[in-house]
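Structure, as structure tokens:
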DNA sequence: GCGCTTATCTGATGTAGATCATGGAACATC
DNA sequence: GATGTTCCATGATCTACATCAGATAAGCGC
């Protein structure tokens, strides 16, 4: 088994200063939301956004803050967290470039959860007001946002199902497969999950303790289904993991 | 403690045959979605819907069916279920008049979950195609649908948080409060939850076993926080329950 | 009221996973 | 490559909840 000396994960992150006007325009154009817009419309939309860089660990906003802005990930990874009274927190979602988060609804409410940069992050920010105006003006965009939100709701229902009825093994297998699909990159060893993935984080995503996450990961590795090290996991046999979920 | 002889829950359900053209129009008008539409627009939208009655226990659709229709609850209660391999199922949501479900996104995918009538139900049905057309034509409606979907996503995140990090007691307290807010009606004994609520169902909603649900409910009753019987629960001291969640 | 059905309660026991504790390996810094 | 720091693995216990098994009681039809 080819042992790796160091984390093979490589996050491509644009420098913060690079996330500026015309780069921003390029990013916006890549977003599925805005595919239907003309160049001139896109530029008008672009002017409503401003961008902001964040360092790993930095919070974009905290649960309870007044929810008056909508964010789009341009570069990096953002963790959507729900803090728990008992210190333990739950990771609701891990967002990648092109995904949005923050305030969406018409009436501004406090953010129900916190957003934290996992890597270096460049985020596009728009005031809720401006965002609603864009949606009003461009129904096609609104439909795409609706699609994305509906897809996220489906994912959330997946998680509820799992957390409500599955063993630790299954939860972890499910999360690994999900991350593999979302962030995987083929690799000589398997499908490498392109994000720093510590045991604690895996635990937050699955609602188990880090110790349990570690044990399950060890077991999966013994079975030869995954390859893993400090802060990274690669899937060697996705099929076996899927099989675990099916039974 | 005022003992009740029989279930105090009273569901007002229109007869199936009553859910017809102009009643339907009245129902549509009450929906927040369509508040912004003119009478004539509303009538045009109305013509795209058709309605359908269902008996308790009947399925509106099954997980895996091709997802090509969107539903709106006009009367009654609909359970959104995710079947589990192990026979055990998870209730993702309980829908009341005015709420929608089924297919939403632009590309038709199989329904990820099943919808079952809990009571007598009258549902308005629209093909996904027609629904998308309505949204295209009426951006204001699209925005309201987006709002509703975003709100549902928030709720789903609440559930994930709870299932991922809370004890059986807390989960049940949370669900009771949620149902109280959504379905509660003031009553001489407290806030009566206006829906048949068996222990099995409570278990499906919270990801615990019916036995555990029963034990927790008994305990809450001993504490004097709720009043309960066969298939019903009334909240006598919501504050105590909320307190449980806060600590 | 009487018996039947079905939901609910409650006890006894088992177990997955939490918790507590410690040793060890990977990476960073100099 | 020595040293410190962080992350990870793993063993030993503990506990909340699942599971299994009856006992009770509510509602219903007669």
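Residue numbers (our numbering), protein chains in the order written: chain Z, 463 to 709; chain D, 463 to 709. Don't be surprised by glycine CBs; every beta carbon is placed ideally from N, CA and C. On a predicted model such as this, the values are computed, not experimentally measured, just so you know.
Proximal chain Z residues relative to residue i, where beta-carbon distance stays under 9 Å
i              : result
residue 578(D) : Result: empty, since nearest Cβ-Cβ is about 15 Å, beyond 9 Å.
residue 544(D) : 619, 620, 622, 623, 626 and 627
Neighbour list for residue i in chain D, Cβ cutoff strictly below 9 Å
i              : result
residue 709(Z) : 547
Which residues DSSP lists as bridging residue i, in chain order
i              : result
residue 520(D) : DSSP output for residue 520(D) lists no bridge partner at all.
residue 652(Z) : Per DSSP, none; premise fails for residue 652(Z).
residue 623(Z) : Bridge partners of residue 623(Z): none, in fact.
residue 557(Z) : 540(Z)
residue 545(D) : 551(D)
residue 583(D) : 516(D)
residue 647(Z) : 654(Z)
residue 528(D) : 572(D)
residue 687(Z) : DSSP output for residue 687(Z) lists no bridge partner at all.
residue 588(Z) : 532(Z)
residue 695(D) : 690(D)
residue 564(D) : 532(D)
residue 577(Z) : 523(Z) and 542(Z)
Contact set between residue i and chain D, taken where Cβ atoms lie within less than 8 Å
i              : result
residue 611(Z) : 608, 611, 612 and 615
Beta-carbon neighbours of residue i, restricted to chain Z and to distances below 7 Å
i              : result
residue 567(D) : 609, 612 and 613
Partners in chain Z for residue i, counting only beta-carbon separations shorter than 8 Å
i              : result
residue 528(D) : Correct list: empty, because the minimum Cβ distance to chain Z is about 15 Å.
residue 554(D) : 619, 622 and 623
residue 550(D) : 627
Proximity to residue i [Cα-Cα], best of the options
i              : options                           : result
residue 651(Z) : 700(Z), 669(Z), 660(Z) and 635(Z) : 700(Z)
residue 666(Z) : 635(Z), 551(Z), 630(Z) and 571(Z) : 551(Z)
residue 641(Z) : 694(Z), 706(Z), 533(Z) and 519(Z) : 694(Z)
residue 493(D) : 586(D), 659(D) and 620(D)         : 586(D)
residue 558(D) : 549(D), 578(D) and 565(D)         : 578(D)
residue 540(Z) : 528(Z), 523(Z), 680(Z) and 675(Z) : 523(Z)
residue 563(Z) : 703(Z), 638(Z) and 608(Z)         : 608(Z)
residue 683(Z) : 697(Z), 673(Z), 671(Z) and 674(Z) : 697(Z)
residue 594(Z) : 627(Z), 632(Z), 653(Z) and 531(Z) : 531(Z)
residue 560(Z) : 679(Z), 488(Z) and 638(Z)         : 488(Z)
residue 556(Z) : 704(Z), 627(Z), 635(Z) and 656(Z) : 656(Z)
residue 512(Z) : 528(Z), 500(Z) and 584(Z)         : 584(Z)
residue 692(D) : 702(D), 662(D), 707(D) and 704(D) : 662(D)
residue 565(Z) : 580(Z), 636(Z), 581(Z) and 592(Z) : 592(Z)
residue 708(D) : 669(D), 688(D) and 629(D)         : 629(D)
residue 704(Z) : 654(Z), 634(Z), 516(Z) and 649(Z) : 634(Z)
residue 668(D) : 597(D), 624(D), 590(D) and 644(D) : 624(D)
residue 685(D) : 672(D), 671(D) and 631(D)         : 631(D)
residue 618(D) : 528(D), 647(D), 676(D) and 554(D) : 554(D)
residue 649(Z) : 514(Z), 689(Z) and 679(Z)         : 689(Z)
residue 510(D) : 597(D), 675(D), 517(D) and 658(D) : 597(D)
residue 590(D) : 643(D), 621(D) and 529(D)         : 529(D)
residue 636(Z) : 678(Z), 514(Z) and 599(Z)         : 678(Z)
residue 519(Z) : 660(Z), 501(Z), 526(Z) and 580(Z) : 580(Z)
residue 670(D) : 675(Z), 706(Z), 626(Z) and 653(Z) : 626(Z)
residue 660(D) : 491(D), 638(D), 588(D) and 653(D) : 638(D)
Within chain D, partners of residue i - CB distance below 7 Å
i              : result
residue 575(Z) : 619
residue 541(Z) : Chain D residues near residue 541(Z): none, gap ~13 Å exceeds 7 Å.
Subject >> Residues in the stretch 581-608 of chain D having any Cβ partner in chain Z nearer than 9 Å >> reply: 594, 597, 598, 599, 600, 601, 602, 604, 605, 606, 607 and 608
Original post:
Going along the stretch 617-635 of chain D in order, which residues come within less than 7 Å of chain Z, judged by CB to CB distance?
Top reply: 618, 619, 621, 622, 623, 625, 626 and 627
**OP:** Examine the Cβ distances between the stretch 537-546 of chain D and the stretch 599-610 of chain D and report whether three or more of them are shorter than 8 Å.
**Re:** no
Original post:
Along the stretch 651-678 of chain Z, what residues have a CB closer than 7 Å to any CB found in chain D?
Top reply: 669
Original post:
Hey, is the stretch 609-619 of chain Z in contact with the stretch 535-542 of chain Z, meaning 3+ C-beta pairs nearer than 8 Å?
Top reply: no
**OP:** Would you check if the stretch 573-583 of chain D and the stretch 569-586 of chain Z touch, i.e. whether three or more CB-CB distances between them fall below 8 Å?
**Re:** no
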